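Below is one structure, written out as structure tokens; the observations come after it.
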Amino acid sequence: MNYGWRRPVITKNLGENMIAVEVGRVCVKTLGREAGNTCVIVDVLDKNFVVIDGNVKRRRCNLKHLEATDKTVEIEKGASTEEAKMALDTAGLL
Numbered sequence: 004m005n006y007g008w009r010r011p012v013i014t015k016n017l018g019e020n021m022i023a024v025e026v027g028r029v030c031v032k033t034l035g036r037e038a039g040n041t042c043v044i045v046d047v048l049d050k051n052f053v054v055i056d057g058n059v060k061r062r063r064c065n066l067k068h069l070e071a072t073d074k075t076v077e078i079e080k081g082a083s084t085e086e087a088k089m090a091l092d093t094a095g096l097l
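Taking our numbering, the leading residue of the sequence shown gets 4, the next gets one more, and so forth.
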């Protein structure tokens, strides 16, 4: 898919608030062995899946298994594990 100059932004409905699912969005895993851990989105694959990293193992994750927060950190798309952990630590979220 060619998005031209625009990067896709997907929204996740959280009751009254719509939270944009984008690179740099801080989330909490809700399912799986890493449930409860803080992570950051490093890439958006499609409307259902993202790549997460940070306080969890870098992997593809279903958006249904994440709880998006209203916090974001400044990272580039495809940032390394070290960059994701450093951004979370700088924001005081680790």
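Virtual Cβ for every residue (Gly too), placed ideally from N, Cα, C.
Note that this is a predicted model, so its numbers are computed, not measured.
Return the first residue and the last residue of the beta strand (DSSP E) that Leu69 is part of.
69-75
Considering only their Cβ atoms, is the gap separating Asn51 from Leu97 smaller than 8 Å?
no
Please check the pair Asp56 and Ala87, which I expect to be a contact at CB under 8 Å, by giving their CB distance rounded to whole angstroms.
4 Å
With respect to the beta strand (DSSP E) encompassing Thr33, which residues constitute its N-terminal and C-terminal limits?
Looking at the DSSP string, Thr33 is not in any beta strand (DSSP E), and its letter there is neither H nor E.
Among Lys80, Gly95, Leu91, which one has its Cα closest to the Cα of Val53?
That would be Lys80, whose Cα lies nearest to the Cα of Val53.
Would you kindly check if the distance between the Cβ of Val29 and the Cβ of Lys60 is under 8 Å?
Contact annotation: Lys60 and Val29 have beta-carbon atoms that are not nearer than 8 Å.
Of the choices Ala38, Glu37, Cys42, Arg62, whose alpha-carbon is the least far from that of Gly27?
Closest option to Gly27, Cα to Cα, is Cys42.
Which same chain residues, not among the five before or five after Ala94, have their C-beta less than 8 Å away from its C-beta?
Val29, Lys74, Val76
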